[in-house]
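Working notes for the structure below.
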Amino acid sequence: MSNHQKRLSVPNSWPVERKTETFTVAPEGPHGEAGVPLLIVLRDVLGYVDSRKEARYALEQDQVLINGDPEHDETRPVGMFDILAFRERDEYYRVFPGQGGRLALTAIDPDDAESKLGKITSKTEVSGGKIQLGLHDGETLVVEDQGYAPRDSIVVANDSEEILAHFEYEEGELVTAVDGQHAGEVGRIEEIQVTPGSGTNNVLVEQADGPGFETIEEYVVVIDENFTESDDEADADAEAEDADDAEEADADAEADEADAEAEADDGGADE
1 MSNHQKRLSV PNSWPVERKT ETFTVAPEGP HGEAGVPLLI VLRDVLGYVD
51 SRKEARYALE QDQVLINGDP EHDETRPVGM FDILAFRERD EYYRVFPGQG
101 GRLALTAIDP DDAESKLGKI TSKTEVSGGK IQLGLHDGET LVVEDQGYAP
151 RDSIVVANDS EEILAHFEYE EGELVTAVDG QHAGEVGRIE EIQVTPGSGT
201 NNVLVEQADG PGFETIEEYV VVIDENFTES DDEADADAEA EDADDAEEAD
251 ADAEADEADA EAEADDGGAD E
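Position 53, counted from 1, in the sequence shown is what full-length UniProt numbering calls 53; the numbers after and before it change by one each time, with no gaps.
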């Protein structure tokens, strides 16, 4: 595989300028072209480095983790639902679908960074009567429980690979679209329309604060309720912080005005 990728032909999920340079780095690892090379995340998205050389140096310090493991390869793709941690900065992010299909980073708490979500894409029986589950990022897990099915989602602990939660793909479950024109939208499955033969099934998704949408089955992933709650809490915290800043600014303005009036009174008394 080439070490370079033409910018004009990069996937829509990559947040890079296409006409500033001819080439960018090619991804090597899980997710493939569905992921974004770590270099692009560090340089173009977060602005933590200015060059590939700086990225390599930063990764040598064992301070950048993907799904709990230190990462040293700047070409390693960061993909859907990966957990990105910066230990020295005490910053933690979940990769989530954004508008237009571009991958976005959602800030999360340190506790939420200890596990990741995986969509089951395959289920096969292996020796010993156990079951091997294939996940959307290429990872495989061997389990004894038969209760998992393709298109279900699971939450996996980063350190032990223990399955912490299981979300079945069924009507009423919370989902997000990860591709297509509705990428990044969240709602609940209203209906799964099964297409006879080899056609693609459609999914109708209802939204409490929107018109809902329809997309193909491959584009939806069942997600944890905490995903949306964390986003709401982050928005609430941001709004509270803005309100505090506004109150402080008003208080400072009132204090300045009082000082100005006092100085004017002192000036009149001197005269």
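Ideal Cβ placement from N, Cα and C applies to all residues, glycine included.
Computed from a predicted structure; not experimentally measured.
DSSP places Lys53 within a helical segment (H, G or I) once states are collapsed to three. Within the region 126-188, the runs of beta strand (DSSP E) at least 3 residues long that lie entirely inside it are, in chain order, 131-135, 140-143, 153-157, 163-167 and 174-177. The secondary-structure analysis by DSSP pairs Tyr93 across a beta bridge with Leu84 and Ala107.
By alpha-carbon distance to Ile223, the top candidate from Pro37, Pro97 and Asp69 is Pro97.
No residue range can be given for Glu74, since it is assigned to no beta strand (DSSP E) and is classified by DSSP as neither H nor E. The continuous beta strand (DSSP E) containing Thr215 extends over residues Phe213 to Ile216. Going by C-alpha positions, Thr200 is about 34 Å away from Val45. Measuring C-alpha to C-alpha distances from Gln61 to each of Gly68, Arg43 and Arg87 identifies Arg87 as the nearest. The straight-line gap separating the alpha-carbon atoms of Tyr92 and Pro196 is approximately 43 Å. Asp90 and Glu173 have their alpha carbons spaced roughly 32 Å apart. Around the CB of Thr124, fewer than 16 other CB atoms lie within 10 Å, so the residue is classed as exposed. If you draw a straight line from the Cα of Glu114 to the Cα of Asp159, it comes to about 8 Å. Exclusion of the five residues before and after Asp179 leaves Gly101 and Tyr219 as the residues of its chain whose Cβ lies within less than 7 Å of its Cβ.
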